[in-house]
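Visitor: Can you read through this structure? Questions will come right after.
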Amino acid sequence: MKLGARFKKEDGRLEKAARETQSAEVPEGLFKKCNMCKAPVYVEEVKENLYICPKCHGYFRMSAYKRIASVVEPGTFERWDEGLKTSNPLNYKGYEDKITALQEKTGLDEAVVTGTGLIGANKVVLAVCDGRFMMASMGHVVGEKITRAVERATEEKLPVIIFACSGGARMQEGIVSLMQMAKTSAALKRHSDAGNLYISVLTDPTTGGVTASFAMLGDIILAEPNALIGFAGPRVIEQTIGQKLPKGFQRAEFLLDHGFVDAIVKREEMHDTLKSILDMHRVDAIDLEEQTVRCEVKDTGMSAWDKVLISRKKDRPVGMDYIDNCFTDFIEFHGDRYFSDDHCIVGGIAYFKGMPVTVIAQCKGKTTKENVFRNFGMPSPDGYRKALRLMKQAEKFNRPVICFVDTPGAFCGLEAEERGQGEAIARNLYEMSGLKVPVFSLIIGEGGSGGALAMAVSDEVWMLENSVYSILSPEGYASILWKDSSLAKDAARVMKMTAKDLYEMKVVDGIIKEPEKFNDDSFYKVATQVKIAIEGFLYRQGKKSKEELLEARYERFRKF
Numbered sequence: 011m012k013l014g015a016r017f018k019k020e021d022g023r024l025e026k027a028a029r030e031t032q033s034a035e036v037p038e039g040l041f042k043k044c045n046m047c048k049a050p051v052y053v054e055e056v057k058e059n060l061y062i063c064p065k066c067h068g069y070f071r072m073s074a075y076k077r078i079a080s081v082v083e084p085g086t087f088e089r090w091d092e093g094l095k096t097s098n099p100l101n102y103k104g105y106e107d108k109i110t111a112l113q114e115k116t117g118l119d120e121a122v123v124t125g126t127g128l129i130g131a132n133k134v135v136l137a138v139c140d141g142r143f144m145m146a147s148m149g150h151v152v153g154e155k156i157t158r159a160v161e162r163a164t165e166e167k168l169p170v171i172i173f174a175c176s177g178g179a180r181m182q183e184g185i186v187s188l189m190q191m192a193k194t195s196a197a198l199k200r201h202s203d204a205g206n207l208y209i210s211v212l213t214d215p216t217t218g219g220v221t222a223s224f225a226m227l228g229d230i231i232l233a234e235p236n237a238l239i240g241f242a243g244p245r246v247i248e249q250t251i252g253q254k255l256p257k258g259f260q261r262a263e264f265l266l267d268h269g270f271v272d273a274i275v276k277r278e279e280m281h282d283t284l285k286s287i288l289d290m291h292r293v294d295a296i297d298l299e300e301q302t303v304r305c306e307v308k309d310t311g312m313s314a315w316d317k318v319l320i321s322r323k324k325d326r327p328v329g330m331d332y333i334d335n336c337f338t339d340f341i342e343f344h345g346d347r348y349f350s351d352d353h354c355i356v357g358g359i360a361y362f363k364g365m366p367v368t369v370i371a372q373c374k375g376k377t378t379k380e381n382v383f384r385n386f387g388m389p390s391p392d393g394y395r396k397a398l399r400l401m402k403q404a405e406k407f408n409r410p411v412i413c414f415v416d417t418p419g420a421f422c423g424l425e426a427e428e429r430g431q432g433e434a435i436a437r438n439l440y441e442m443s444g445l446k447v448p449v450f451s452l453i454i455g456e457g458g459s460g461g462a463l464a465m466a467v468s469d470e471v472w473m474l475e476n477s478v479y480s481i482l483s484p485e486g487y488a489s490i491l492w493k494d495s496s497l498a499k500d501a502a503r504v505m506k507m508t509a510k511d512l513y514e515m516k517v518v519d520g521i522i523k524e525p526e527k528f529n530d531d532s533f534y535k536v537a538t539q540v541k542i543a544i545e546g547f548l549y550r551q552g553k554k555s556k557e558e559l560l561e562a563r564y565e566r567f568r569k570f
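Residue numbers (the numbering used here): 11 to 570.
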């Protein structure tokens, strides 16, 4: 059979299966009451709107086939591993009958559909859970189908996308169900070690053993809005601790804020988001041109303290300005995967002149409200761990890392010490020294102490003309050495913290000139020079082998 004919036949089967399962997702009848807003909604309108309530935009659950049809290109999905027989390892009474009844009702052989298809021009392996089949709990067949799909993806060097929707382990299969957690995780480890991409998409609900295995192991973890995501169920937690849980607990937004989800993606935007992510992991090497920025080291007559004050000006462009103006198609990824999403550190993937790169910026705000949100540019341990997670992800997929540094220093506070601020900074220094991809850092404002260095163990470190970089603030320096913080102006001179000083000391590799009045209106002049500096850096470093890159970076810091 020709490939096109096979796809056409498969697409017809997919559409037929989707039609046959519609009644199970949205009951028959002209109208249905939305479970969230309680308003009556027209059933056909819901079906045509990706199973989204037209009144409150709440989500109905989708069948596996409808989900697949919403993300893959028409005519491209090919199903894998159909017909695997569910076993009954505990000889649980009535289990086989229940499976048979569900197979007849849903048209599924089990709770997950696996196969391959195209998203845009990207061939992917898909595993999509269907909550109508025993709440998509993971028994032997579910674990087996997912594992086989991942193994085949590893063999064919394909990305994997898993849509999770599950109540967790399947109680009727006991310890055999528990073993599926280890089996699927081990398969994903091999897939990852081979350098392949895994995107996990969490839908409502994702709980129990599925959360504690394949669902939370994605290189990139996406979630649908308001999806219930957690290990233990809310009722179990409430019974255990004897307290009522706060509103929004274990919802997707809660997990985003606590660092476990990269992004929340609306259902109607899922196809385009997946396509954009996949495209950035498919692009071949881009030929860049050799570029140079003239590093003018002129004496402007300004004192070091003058430059400290300029670097702190409220109208000075901030990290987000550089991301928005120097790169295209930026996709932000959130969270450290441990505790929180630090809003001071913004990072993700983007294109630089057609080349996929990882971009990470320490961000201040431009208003009081924004500065509070960004913690005045002082990263927490969670921010440094988020930055490192994104750097390691860049290393896996061979993407250069571009860092923008602008911080008065790492956040000093009780919670920062409780979560290991020193360890987080140390870990970044340790890991950045060995990253096997080019790393470029640009100090755009304040470069305060270890908080700045934790994003500047790079192959090249550049500074804007009126930025500063130092062991700590002039106020702190004067207070420690001279017991008088009012001598900060004198301290700034002694500390040699200006771009001119540090370029002459060979601490930094280049300086980008600033206009006399550097603000949003004149930012384009600096952005142009920044892009030239980055392109020149990528051209130079791209000619080095990984061994040469690492040795040069080591010697760069060893000389001090």
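Heads up, the beta-carbon is just placed ideally off N, CA and C, and yes, glycines get one too.
Predicted model, so just to flag it, every value in this text is computed and none were measured.
Return helix, strand or coil for lysine 42, following the three-state DSSP convention.
Guide: Locating residue 42 in the sequence shown gives position 32, where the first residue counts as 1. It is a strand residue.
Visitor: If you follow the alpha helix (DSSP H) that threonine 126 is part of, which residue opens it and which one closes it?
Guide: Residue numbering aside, residue 126 sits at position 116 when the sequence shown is read from its first letter. It is not in any alpha helix (DSSP H) - threonine 126 instead sits in the beta strand (DSSP E) that spans 122 to 129.
Visitor: Does the pairing of the stretch 151 to 168 with the stretch 196 to 214 give three or more beta-carbon distances under 8 Å?
Guide: Segments in contact, yes.
Visitor: Would you call leucine 232 buried or exposed, if buried means 16 or more other Cβ atoms sit within 10 Å of its Cβ?
Guide: Counted from its first residue, the sequence shown places residue 232 at position 222. It counts as buried.
Visitor: Relative to the C-alpha of isoleucine 435, which residue among Pro448, Leu452, Phe450, Arg395 is closest?
Guide: Here residue 435 is taken as the residue at index 425 of the sequence shown, counted from 1. For isoleucine 435, the nearest C-alpha among the options comes from Arg395.
Visitor: How big is the Cα-Cα spacing for serine 313 and isoleucine 544?
Guide: Within the sequence shown, the letter at position 303 stands for residue 313. Within the sequence shown, the letter at position 534 stands for residue 544. When rounded, the distance between both Cα atoms is 29 Å.
Visitor: For aspartate 325, which of helix, strand or coil comes out of DSSP?
Guide: Here residue 325 corresponds to residue number 315 of the sequence shown, with the count starting at 1. Correct three-state label for aspartate 325: coil.
Visitor: What residue range is occupied by the uninterrupted alpha helix (DSSP H) comprising proline 366?
Guide: The residue labelled residue 366 in the question sits at position 356 within the sequence shown. No alpha helix (DSSP H) holds proline 366; the beta strand (DSSP E) holding it covers 365 to 372.
Visitor: So is alanine 28 buried or exposed if we call it buried at 16+ other beta carbons inside 10 Å?
Guide: Taking the first residue of the sequence shown as position 1, residue 28 is located at position 18. Legend: pLDDT at alanine 28 = 47, less than 50; position of this residue unreliable, no value from coordinates given.
Visitor: Hey, tyrosine 61 and methionine 46: beta-carbon distance below 8 Å or not?
Guide: Position 51 of the sequence shown holds residue 61. Position 36 of the sequence shown holds residue 46. Cβ atoms of tyrosine 61 and methionine 46: not closer than 8 Å.
Visitor: Looking at the structure shown, is lysine 19 part of a helix, part of a strand, or coil, going by DSSP?
Guide: In the sequence shown, counting from the first residue as 1, residue 19 sits at position 9. Reliability of the predicted coordinates at lysine 19 is poor, the pLDDT of 47 falling under 50, and no value is obtained from them.
Visitor: Just to check my reading of the structure: aspartate 119 and leucine 94 have Cβ atoms closer than 8 Å, yes? What is that Cβ distance to the nearest angstrom?
Guide: For the purposes of this step, residue 119 is taken as the residue at position 109 of the sequence shown. For the purposes of this step, residue 94 is taken as the residue at position 84 of the sequence shown. Going by Cβ atoms, the distance from aspartate 119 to leucine 94 rounds to 7 Å, so yes, they are a contact pair.
Visitor: Would you verify that the beta carbon of leucine 474 is, or is not, closer than 8 Å to some beta carbon of chain B?
Guide: Annotation note: the requested chain B is absent from the structure, which comprises a single protein chain.
Visitor: Quick one: give me the first and last residue of the beta strand (DSSP E) that phenylalanine 414 is part of.
Guide: What you label residue 414 is simply residue 404 of the sequence shown in a count that begins at 1. First-last of the beta strand (DSSP E) with phenylalanine 414: 411 to 417.
Visitor: By the DSSP assignment, the beta strand (DSSP E) with threonine 217 in it spans what residues?
Guide: Position 207 of the sequence shown, counted from the start, is the residue given in the question as residue 217. That run of the beta strand (DSSP E) goes 208 to 217.
Visitor: Per DSSP, which residues does cysteine 139 bridge with? Please list them.
Guide: Within the sequence shown, residue 139 is the residue found at index 129, counting from 1. Answer is Val122.
Visitor: Under a Cβ-count criterion, where at least 16 other Cβ atoms within 10 Å of its own Cβ denotes burial, should valine 293 be classed as buried or exposed?
Guide: As a first step, residue 293 must be located in the sequence shown, where it is residue number 283. Exposed, because fewer than 16 other Cβ atoms sit within 10 Å of the Cβ of valine 293.
Visitor: Can you have a look at proline 484 and say buried or exposed, based on whether 16 or more other CB atoms are within 10 angstroms of its CB?
Guide: Within the sequence shown, numbered from 1, the residue matching residue 484 stands at position 474. Proline 484 comes out buried.
Visitor: Given this structure, state the Cα-to-Cα distance separating lysine 523 from alanine 509, to the nearest angstrom.
Guide: Mapped onto the sequence shown, residue 523 falls at position 513. Mapped onto the sequence shown, residue 509 falls at position 499. Roughly 10 Å between the two C-alpha positions.
Visitor: Three or more C-beta pairs under 8 Å: does that hold for the stretch 274 to 293 against the stretch 129 to 144?
Guide: Counting Cβ pairs under 8 Å, three or more are found: they touch.
Visitor: Within this structure, are the beta carbons of aspartate 272 and leucine 238 separated by less than 8 Å?
Guide: Locating residue 272 in the sequence shown gives position 262, where the first residue counts as 1. Locating residue 238 in the sequence shown gives position 228, where the first residue counts as 1. No.
Visitor: Under 8 Å: do the stretch 179 to 195 and the stretch 142 to 150 share three or more Cβ pairs, one atom per stretch?
Guide: The answer is yes - the stretch 142 to 150 touches the stretch 179 to 195, with three or more Cβ pairs under 8 Å.
Visitor: For the pair the stretch 489 to 503 and the stretch 454 to 471, tell me if three or more CB-CB distances fall below 8 Å.
Guide: At 8 Å Cβ cutoff, the stretches do not touch.
Visitor: Are the Cβ atoms of phenylalanine 195 and leucine 227 separated by less than 8 Å?
Guide: The residue labelled residue 195 in the question sits at position 185 within the sequence shown. The residue labelled residue 227 in the question sits at position 217 within the sequence shown. Sequence inspection shows serine at residue 195; the phenylalanine mentioned does not correspond to that position. Taking 8 Å as the Cβ cut-off, serine 195 and leucine 227 qualify as a contacting pair.
Visitor: Mind reading off the beta-carbon distance from cysteine 354 to asparagine 385? Whole number of angstroms is fine, and I expect it under 8 Å.
Guide: On the sequence shown, residue 354 is found 344 positions in, with the first residue counted as 1. On the sequence shown, residue 385 is found 375 positions in, with the first residue counted as 1. Rounded, the Cβ-Cβ distance is 5 Å, consistent with contact.
Visitor: Return the CA-CA distance between lysine 556 and valine 517, expressed in angstroms with no decimal places.
Guide: Here the question's residue 556 lines up with position 546 in the sequence shown. Here the question's residue 517 lines up with position 507 in the sequence shown. Approximately 23 Å, taken between the alpha carbons.
Visitor: State the CB to CB distance for the pair glycine 546 and valine 303, rounded to an integer number of angstroms; the pair is presumed to be in contact (CB under 8 Å).
Guide: As a position in the sequence shown, residue 546 is number 536, starting the count at 1. As a position in the sequence shown, residue 303 is number 293, starting the count at 1. With a Cβ gap of about 7 Å, glycine 546 and valine 303 count as contacting.
Visitor: According to DSSP, simplified to helix, strand and coil, what is glycine 546?
Guide: Working through the sequence shown from its first residue, we reach residue 546 at position 536. Reduced to three states, the DSSP call for glycine 546 is helix.
Visitor: Assign glutamate 234 to one of three DSSP states: helix, strand, or coil.
Guide: Within the sequence shown, residue 234 is the residue found at index 224, counting from 1. Residue state, collapsed to three classes: coil.
Visitor: So who's on the other strand from methionine 148, going by DSSP bridges?
Guide: Your numbering for residue 148 matches position 138 in the sequence shown. Methionine 148 pairs with Ala179.
Visitor: Which runs of the beta strand (DSSP E), 3 residues or longer, sit entirely within the stretch 73 to 98?
Guide: Qualifying beta strand (DSSP E) stretches, in chain order: 88 to 90.
Visitor: Around the Cβ of asparagine 408, are there at least 16 other Cβ atoms within 10 angstroms (buried) or fewer (exposed)?
Guide: As a working note, residue 408 is residue 398 in the sequence shown. Asparagine 408 is exposed by the Cβ-count criterion.
Visitor: Which same chain residues end up closer than 8 Å to arginine 568 when comparing Cβ atoms and leaving out the 5 residues on each side of it in sequence?
Guide: Taking the first residue of the sequence shown as 1, we reach residue 568 at position 558. So the list is empty, once near-sequence residues are dropped.
Visitor: Per DSSP, which residues does threonine 157 bridge with? Please list them.
Guide: Along the sequence shown, one-based indexing puts residue 157 at 147. Its beta-bridge partners do not exist; DSSP assigns none.
Visitor: Can you give the Cα-Cα distance for methionine 401 and leucine 560, rounded to whole angstroms?
Guide: Along the sequence shown, read from residue 1 onward, the residue named residue 401 stands at position 391. Along the sequence shown, read from residue 1 onward, the residue named residue 560 stands at position 550. Cα-Cα distance, rounded: 15 Å.
Visitor: When you compare only the Cα positions, how much space is there between phenylalanine 383 and glycine 375?
Guide: For the purposes of this step, residue 383 is identified with residue 373 of the sequence shown, where counting begins at 1. For the purposes of this step, residue 375 is identified with residue 365 of the sequence shown, where counting begins at 1. Going by the C-alpha atoms only, they are around 8 Å apart.
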